[in-house]
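Notes follow once the structure below has been shown.
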Amino acid sequence: MTEQELANVIWDIKEVIRNYYDDSEVEDVILPFTLLRRLDCVLEDKYETILNTLNETPEEMRKYKLQSLMRQNGLTFFNMSGLSLKKLLNSPDQIGDAFKTYIEGFTSNVKDILANFVHEDGDSGIVDLSKIYARLERGNKLFAVVLQFVEKADLHPDRVSNAMMGTIFEIVIRRSKESTNTKAGQFYTPREIVKLLVALTMSGKEEELFVPGRAFTIYDPCCGTGGMLTVGREHLQEMAQNKHLQVFLYGQELSQKTYAICKADLLMKGDDQNLDQQLYQGDTLADDKLFGKHFNFMLANPPFGVDWGKDTKVKSIVMQDNRPGGRFEAGLPSTSDGSLLFLQHMIAKMDSEAGSRIGIVLNGSPLFNGDAGTGWSNIRKMLLDRNLLDAIIALPKNLFYGTDITTYLWILDNKRPAERYRKVLFVDAAHSEFTTLLQKNLGKKRFEISEEGTHDIISIYKAYEPCCRDIVYDKTGETEHLEIAKLMDYDDFLYTNVAVRRPLRLWFSNIRATYEALCSNDDFKADDKKNLILQEVAAIDGVDEQRSDHEFFVFLKENHVKTTKAQKKQLRDVFGRVAEDAPEVFDDPIKNSGERVADTNLNDTEKIPMKEDIDDYFRREVLPFAPDAWMERDKDKVGCEFPFTRLFYKYRPLRSSEEILSELATLDSALNNELSQLKED
1343 MTEQELANVI WDIKEVIRNY YDDSEVEDVI LPFTLLRRLD CVLEDKYETI LNTLNETPEE
1403 MRKYKLQSLM RQNGLTFFNM SGLSLKKLLN SPDQIGDAFK TYIEGFTSNV KDILANFVHE
1463 DGDSGIVDLS KIYARLERGN KLFAVVLQFV EKADLHPDRV SNAMMGTIFE IVIRRSKEST
1523 NTKAGQFYTP REIVKLLVAL TMSGKEEELF VPGRAFTIYD PCCGTGGMLT VGREHLQEMA
1583 QNKHLQVFLY GQELSQKTYA ICKADLLMKG DDQNLDQQLY QGDTLADDKL FGKHFNFMLA
1643 NPPFGVDWGK DTKVKSIVMQ DNRPGGRFEA GLPSTSDGSL LFLQHMIAKM DSEAGSRIGI
1703 VLNGSPLFNG DAGTGWSNIR KMLLDRNLLD AIIALPKNLF YGTDITTYLW ILDNKRPAER
1763 YRKVLFVDAA HSEFTTLLQK NLGKKRFEIS EEGTHDIISI YKAYEPCCRD IVYDKTGETE
1823 HLEIAKLMDY DDFLYTNVAV RRPLRLWFSN IRATYEALCS NDDFKADDKK NLILQEVAAI
1883 DGVDEQRSDH EFFVFLKENH VKTTKAQKKQ LRDVFGRVAE DAPEVFDDPI KNSGERVADT
1943 NLNDTEKIPM KEDIDDYFRR EVLPFAPDAW MERDKDKVGC EFPFTRLFYK YRPLRSSEEI
2003 LSELATLDSA LNNELSQLKE D
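Numbers given in the numbering used here equal positions in the sequence shown, counted from 1, plus 1342.
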């Protein structure tokens, strides 16, 4: 049978437990039992010989003897119980007790996987492995499930290679996620997107693969079911033309069940690496299990829009790392989306000597969220300051199971070619030409990137130059010649936020009426010490005459009223009336000199591109409309944003009302004709 046929056979075993397990629970049976059946089949030919040798070995030496025998036989696991799924069928009446003995006989690496299959995320303490079979036993389903796996799932290595087994398990995983469509995208990135991201990330490294003795590392900080890790390794091996190439996989995953799936998948593929030292379960942001490690390639699809501030432990550790030399020294995004925290975490693991490349899937928020001076903007600016950002590729909507938003692939490199220095390629691949329509929607996934589309995107990236294509506009069916790749300078994304001020202009008049109205307000306390100045001024003869700010304070001085800086502000706020025809207000109203006082209601900022001369921009864009404006340059903030949509925006004029009315009339006529035919029939 093919991989697909075997995967279908395994998945169809769920019919045995239909109506006893919900669709969302089926994977709790199918996935661990698939693992157990494969392990049995791998051990089958060597099992009795190894077990007999161990039984003849003194008990105190068995641990060491087992390790030796496993190495000799190319095994990374074993079962000391003397049982297998097939042997369990010999004891139908005691199958529950026998199953307990069976799973407890596995080596610790297998028990760790089984424990995480049944462990509820967030639980702590000792895990009861009986959760794997106890519910089945209570429902009299355990024997039937074991029988189905033994009779239908022949996973012996002679008939199912490690590569085939990996593919089979991946298909079963995908089926389990697709069957519910519940947060499938959270743990499972569609395979075609993984392949595209991997190819883009590893592009340009072909020559390094043929360096004798060179080994490579791949890391995923939120590895899910491990798809990016395994596809990454396969791609490197294909690039090396199937020559023996050492590739070590590293990852960390928050969800315990997903971590178990990832580790089981690698184990079933015959991975002989020390997975216990390379794959970890835990929160990457709060507890980096691979602290101090650096990697050649890093791939990730961090969760979209997850609030990293809800967990006080995570928030505390992230805040502590927001310091010089810390993982998040560039800045912190808002707590509503932690995707740029994962990106900074990966940047901290780049190898400064051997070089590293990063490929990450992000939503639109990291492109433009946050103004100059915010964490969002500072993180983007850091990418440019360190010459890391190589490309951003926009993907079409409806590619993921759990979201229909547009997503972007960011490619980073800390050893970029000289000709790419301070350059970045933007590729707008969010067009239907790069996709094929699925026959059936999978959650919100309606499309997949076609094989031709993948090759086209990779070719555009490798060319690293502007590119145009004839694109069919979906709404009209018309073909347009559009630019879909732009090569930009880093400075195109930098800007200076300049504070623009306008002068405060005030008239003072009707002081007493204003004060009396203020006193009628119940919240106003006239005898409050800070308000006595208002009473004193309102009592002066002749105070109601209209005066400018300069004239008003000269008048107060002539009447022997002294005012502090705070009192001047209070008098202006209470008695001053803003008017465009009034003279400007100065810090020193008596001398009518010093700095002009700004009208805070007219405060504004100008976002001035880095390539523009700020003074020229101000003279051209501001002064013609506000001749009295000035800039507060000490408040300048340099910001950074990637306005992807604006860069590729294509203006399309609205249809005329005549055209729309004509189309409606045509439709109305056609409808009337059909109704007439129905009446005649």
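The beta carbon of each residue, even a glycine, is placed where N, CA and C say it ideally should be. Treat the numbers as computed from the prediction; the structure is a model and nothing was measured.
- Query: Is it buried or exposed for phenylalanine 1638, if we count other Cβ within 10 angstroms and need 16 for buried?
  - Reply: Your numbering for residue 1638 matches position 296 in the sequence shown. One detail in the question is off: residue 1638 reads as asparagine in this sequence, not phenylalanine. With 16 or more other Cβ atoms within 10 Å, it is buried.
- Message: Rounded to the nearest angstrom, what separates methionine 1688 and threonine 1626 at their Cα positions?
- Response: The residue given as residue 1688 occupies position 346 in the sequence shown. The residue given as residue 1626 occupies position 284 in the sequence shown. Taking the straight line joining both Cα atoms gives about 10 Å.
- Task: Taking phenylalanine 1420 and threonine 1449 to be in contact with their CB atoms under 8 Å, please state how far apart those CB atoms are, rounded to whole angstroms.
- Result: In the sequence shown, the residue the question calls residue 1420 occupies position 78. In the sequence shown, the residue the question calls residue 1449 occupies position 107. Rounded, the Cβ-Cβ distance is 5 Å, consistent with contact.
- Item | Burial state of tyrosine 1803, where buried means 16 or more other Cβ atoms lie within 10 Å | The sequence position of residue 1803 within the sequence shown is 461, counting from 1. That one is buried.
- Message: Tell me which residues share the same chain as isoleucine 1956 and place their Cβ nearer than 7 Å to its Cβ, disregarding the 5 neighbours each side in the sequence.
- Response: Counted from its first residue, the sequence shown places residue 1956 at position 614. If we look at isoleucine 1956 and ignore the five residues flanking it on each side, its Cβ neighbours are Thr1838, Val1840, Ile1950.
- Message: Using 8 Å for Cβ pairs, my map puts asparagine 1705 next to phenylalanine 1646. What's the rounded Cβ distance?
- Response: Your numbering for residue 1705 matches position 363 in the sequence shown. Your numbering for residue 1646 matches position 304 in the sequence shown. Contact flag correct, Cβ pair sits at about 5 Å.
- Message: What does the Cβ neighbour count give for serine 1681, buried or exposed, with the cut at 16 atoms within 10 Å?
- Response: Taking the first residue of the sequence shown as 1, we reach residue 1681 at position 339. Looking at its Cβ environment, which holds 16 or more other Cβ atoms inside 10 Å, serine 1681 is buried.
- Query: Going by Cα to Cα distance, which pick from Ile1702, Tyr1561, Ala1541 is closest to glycine 1634?
  - Reply: For the purposes of this step, residue 1634 is taken as residue 292 along the sequence shown, with counting starting at 1. Taking only the C-alpha atoms, the option nearest glycine 1634 is Tyr1561.
- Helix, strand or coil at methionine 1640 [DSSP, three-state]: In the sequence shown, counting from the first residue as 1, residue 1640 sits at position 298. If DSSP states are grouped into helix, strand and coil, methionine 1640 belongs with the strands.
- How is leucine 1730 classed by DSSP in three states: helix, strand or coil? The sequence position of residue 1730 within the sequence shown is 388, counting from 1. Here leucine 1730 sits in coil by DSSP.
- Query: From Ser1545, Met1570, Phe1967, pick the residue whose C-alpha is nearest to that of asparagine 1643; which is it?
  - Reply: If you number the sequence shown from 1, residue 1643 lands on position 301. It is Met1570 whose Cα lies nearest to the Cα of asparagine 1643.
- Query: Can you round the beta-carbon distance between isoleucine 1735 and leucine 1751 to whole angstroms, since I take them to be within the 8 Å contact cut?
  - Reply: Position 393 of the sequence shown holds residue 1735. Position 409 of the sequence shown holds residue 1751. At roughly 4 Å, the Cβ-Cβ gap stays under 8 Å, so isoleucine 1735 and leucine 1751 are in contact.
- Nonlocal neighbours in the same chain, by C-beta distance under 6 Å from asparagine 1852, ignoring five residues either side: What you label residue 1852 is simply residue 510 of the sequence shown in a count that begins at 1. Closer than 6 Å at Cβ, skipping near neighbours: Asp1886.
- Task: With DSSP collapsed to three states, give me the class of glycine 1884.
- Result: Position 542 of the sequence shown, counted from the start, is the residue given in the question as residue 1884. Of the three classes helix, strand and coil, the one that applies to glycine 1884 here is coil, per DSSP.
- Message: Can you check which of these residues, Phe1768, His1773, Gly1717, Lys1691, is closest to asparagine 1756 by C-alpha distance?
- Response: Here residue 1756 corresponds to residue number 414 of the sequence shown, with the count starting at 1. Closest option to asparagine 1756, Cα to Cα, is Lys1691.
- Query: Considering only C-alpha positions, which residue in the set Leu1381, Thr1376, Ser1423 is nearest to leucine 1325?
  - Reply: Past the edges of the chain, shown from 1343 to 2023, lies residue 1325, and the structure says nothing about it.
- Locate the alpha helix (DSSP H) running through serine 1861, then write down its first and last residues. Along the sequence shown, one-based indexing puts residue 1861 at 519. The sequence shown places cysteine at residue 1861, not serine. Unbroken alpha helix (DSSP H) run through cysteine 1861: 1853-1861.
- Message: DSSP has glutamine 1594 in a bridge; who is on the other side?
- Response: Locating residue 1594 in the sequence shown gives position 252, where the first residue counts as 1. In the DSSP output, where bridge partners are listed per residue, glutamine 1594 has Tyr1622.
- Query: Would you say valine 1916 and leucine 1876 are within 8 Å of each other, going by their C-beta atoms?
  - Reply: Translated into the one-based positions of the sequence shown, residue 1916 becomes position 574. Translated into the one-based positions of the sequence shown, residue 1876 becomes position 534. Cβ atoms of valine 1916 and leucine 1876: closer than 8 Å.
- Message: Under 8 Å, Cβ to Cβ, is there at least one residue of chain B near asparagine 1664?
- Response: Of the protein chains in the structure, only one exists, and it is not chain B.
- Message: Beta-carbon within less than 6 Å of glycine 1715's beta-carbon, same chain only, minus the 5 sequence neighbours each way: which residues are those?
- Response: Your numbering for residue 1715 matches position 373 in the sequence shown. Around glycine 1715: Lys1979.
- Query: When the Cα atoms are used, what is the spatial distance from leucine 1425 to glutamate 1386?
  - Reply: Position 83 of the sequence shown, counted from the start, is the residue given in the question as residue 1425. Position 44 of the sequence shown, counted from the start, is the residue given in the question as residue 1386. Looking at the two C-alpha atoms, the distance is approximately 11 Å.
- Message: Measuring straight from C-alpha to C-alpha, what distance separates glutamate 1520 and threonine 1509?
- Response: Taking the first residue of the sequence shown as 1, we reach residue 1520 at position 178. Taking the first residue of the sequence shown as 1, we reach residue 1509 at position 167. Rounded to the nearest angstrom, the two C-alpha atoms are 16 Å apart.
- Same chain, Cβ closer than 6 Å to leucine 1411, five either side skipped, listed in chain order: For the purposes of this step, residue 1411 is taken as residue 69 along the sequence shown, with counting starting at 1. Within the same chain, leucine 1411 has close Cβ partners Ile1392.
- Task: With a threshold of 16 other CB atoms inside 10 Å of the CB of alanine 1827, please say whether the residue is buried or exposed.
- Result: Locating residue 1827 in the sequence shown gives position 485, counting from the first residue. Buried, since its Cβ has 16 or more Cβ neighbours within 10 Å.
- Does the beta-carbon distance from cysteine 1810 to histidine 1823 come in below 8 Å? Position 468 of the sequence shown, counting from 1, holds the residue named residue 1810. Position 481 of the sequence shown, counting from 1, holds the residue named residue 1823. Yes.
- Message: By the three-class DSSP mapping on this structure, what secondary structure does aspartate 1929 have?
- Response: The residue labelled residue 1929 in the question sits at position 587 within the sequence shown. Strand, per DSSP.
- So what's asparagine 1720 in DSSP terms, helix, strand or just coil? Translated into positions along the sequence shown, residue 1720 becomes position 378. If DSSP states are grouped into helix, strand and coil, asparagine 1720 belongs with the helices.
- Nearest to aspartate 1834 (by Cα), restricted to the options Ser1862, Leu1726, Gly1918: In the sequence shown, residue 1834 corresponds to position 492, counting from 1. Ranking Ser1862, Leu1726, Gly1918 by Cα distance to aspartate 1834 puts Leu1726 first.
- Thinking C-alpha only, which one of Lys1871, Ser1862, Leu1913, Glu2005 is nearest alanine 1880? Taking the first residue of the sequence shown as position 1, residue 1880 is located at position 538. Comparing Cα positions, the closest option is Leu1913.
- Is glutamate 1479 closer than 8 Å to glycine 1438 when the C-beta atoms are compared? Working through the sequence shown from its first residue, we reach residue 1438 at position 96. Working through the sequence shown from its first residue, we reach residue 1479 at position 137. Against a cut-off of 8 Å, the Cβ pair of glutamate 1479 and glycine 1438 comes out as a contact.
- Alpha carbon to alpha carbon, how far is phenylalanine 1441 from isoleucine 1535? Against the sequence shown, residue 1441 aligns to sequence position 99. Against the sequence shown, residue 1535 aligns to sequence position 193. The alpha-carbon atoms of phenylalanine 1441 and isoleucine 1535 are separated by roughly 40 Å.
- Item | Whole beta strand (DSSP E) elements within the stretch 1551-1590, 3-residue minimum | 1557-1562
- So, helix, strand or coil for lysine 1786, using DSSP? The residue given as residue 1786 occupies position 444 in the sequence shown. Lysine 1786: coil per DSSP, three-state reduction.
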